[in-house]
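Written below as structure tokens is the structure these notes are about.
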Amino acid sequence: AQTVTQSQPEMSVQEAETVTLSCTYDTSESNYYLFWYKQPPSRQMILVIRQEAYKQQNATENRFSVNFQKAAKSFSLKISDSQLGDTAMYFCAFMKLGNTPLVFGKGTRLSVIA
Amino acid sequence: DSGVTQTPKHLITATGQRVTLRCSPRSGDLSVYWYQQSLDQGLQFLIQYYNGEERAKGNILERFSAQQFPDLHSELNLSSLELGDSALYFCASSVDSNQPQHFGDGTRLSIL
Numbered sequence: 003a004q005t006v007t008q009s010q011p012e013m014s015v016q017e018a019e020t021v022t023l024s025c026t027y028d029t030s031e032s033n034y035y036l037f038w039y040k041q042p043p044s045r046q047m048i049l050v051i052r053q054e055a056y057k058q059q060n061a062t063e064n065r066f067s068v069n070f071q072k073a074a075k076s077f078s079l080k081i082s083d084s085q086l087g088d089t090a091m092y093f094c095a096f097m098k099l100g101n102t103p104l105v106f107g108k109g110t111r112l113s114v115i116a
Numbered sequence: 002d003s004g005v006t007q008t009p010k011h012l013i014t015a016t017g018q019r020v021t022l023r024c025s026p027r028s029g030d031l032s033v034y035w036y037q038q039s040l041d042q043g044l045q046f047l048i049q050y051y052n053g054e055e056r057a058k059g060n061i062l063e064r065f066s067a068q069q070f071p072d073l074h075s076e077l078n079l080s081s082l083e084l085g086d087s088a089l090y091f092c093a094s095s096v097d098s099n100q101p102q103h104f105g106d107g108t109r110l111s112i113l
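Shown next as structure tokens:
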């Protein structure tokens, strides 16, 4: 079974600064997908970024980028130029190939401070 | 807007009762997933349907059941409700294999 671990229950960052959220996972699969989802106080689950394990290049989406280290089974999220609207819970998630359910970490609560 | 519609947004009921949560997936999405988010257990997968057929089962209690109808909407039925069933229930959908899941806004279930 796959497991996802987020070791930072809470983090804070000053507005306009950069912050990195950590995620590690355990799997015996060689190909899979990794995701970061954002859950703001409104409780919606919003897809932030996705990484395919077979791609060596790290995914980027505007101010969001990942550092994917397959051998270390590590998948961190970097948020640049943090904005107040980035305040949310961030969940790391794992998905095996083939239209399978997501396995989530416990989440990291990020607060962006003005 | 993710395109996934869940109703109702909030539900308050008593122990021992039965409720039905409804989900309409994004247009064209064949897979529907149900997840439960509680304070102590985090986000947990309950059950998945693909084009009307059950595809995978997670930590779903026997008191819970689900189905996906020919028009692809899905319902999650929760019966003999207990205080511990209070949670946020999410539905997500995806178009096919290896595509991201898009989540609805959830149904907040409170058991009094």
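Listed in order, the protein sequences are those of chains A and B.
Under my numbering, read the first sequence as residues 3 to 116, first letter to last.
Under my numbering, read the second sequence as residues 2 to 113, first letter to last.
Every residue gets a Cβ at the ideal spot worked out from N, C-alpha and C, and that includes glycine.
- The Cβ neighbour count for G100(A), taken over all protein chains shown within 10 Å, is under 16; the residue is labelled exposed.
- The alpha-carbon separation between T22(A) and E83(B) amounts to approximately 39 Å.
- Taken in chain order, the complete beta strand (DSSP E) segments of 3 or more residues contained in the stretch 29 to 116 of chain A are 34 to 41, 48 to 54, 66 to 71, 76 to 81, 90 to 98 and 110 to 115.
- Rounded to the nearest whole angstrom, the CA to CA distance from V5(B) to R45(A) is 14 Å.
- Interface residue (Cβ-Cβ distance to chain B less than 8 Å): Y56(A) is not classified as such.
- Residue environment for T108(B): buried (at least 16 other C-beta atoms within 10 angstroms of its C-beta).
- A direct Cα-Cα distance of roughly 39 Å separates N69(A) from S66(B).
- By the criterion of a C-beta distance shorter than 7 Å, L49(A) is surrounded in its chain by F37 and Y39, once the five residues flanking it on both sides are discounted.
- One thing to note: Q8(A) has its Cβ within 8 Å of the Cβ of S24(A).
- Non-local beta-carbon contacts of S111(B) in its own chain, meaning distances under 8 Å to residues more than five positions away in sequence, involve H11, L12, I13, T14 and S87 in chain order.
- Looking only at Q100(B), C92(B) and P101(B), the smallest Cα-Cα distance to Y50(B) is reached by C92(B).
- Scanning S80(B), S3(B), T16(B) and V20(B) for the CA closest to the CA of P9(B) turns up V20(B).
- Around the beta carbon of F70(B), fewer than 16 other beta carbons sit within 10 angstroms, so the residue counts as exposed.
- Proximity to W35(B) across I115(A), R111(A) and L104(A) peaks at L104(A), based on C-alpha coordinates.
- A direct Cα-Cα distance of roughly 21 Å separates H103(B) from I61(B).
- Along the stretch 98 to 109 of chain A, going in chain order, the ones with a CB nearer than 9 Å to a CB of chain B are L99, G100, N101, T102, P103, L104, V105, F106, G107, K108 and G109.
- Within the stretch 44 to 74 of chain A, the residues whose Cβ lies closer than 7 Å to any Cβ of chain B are, in chain order, R45, Q46, M47, L49 and R52.
- Taking a Cβ-Cβ threshold of 7 Å, the residues of chain B close to Y35(A) are N99, in chain order.
- Here the C-alpha atom of Y27(A) lies approximately 7 Å from the C-alpha atom of Q4(A).
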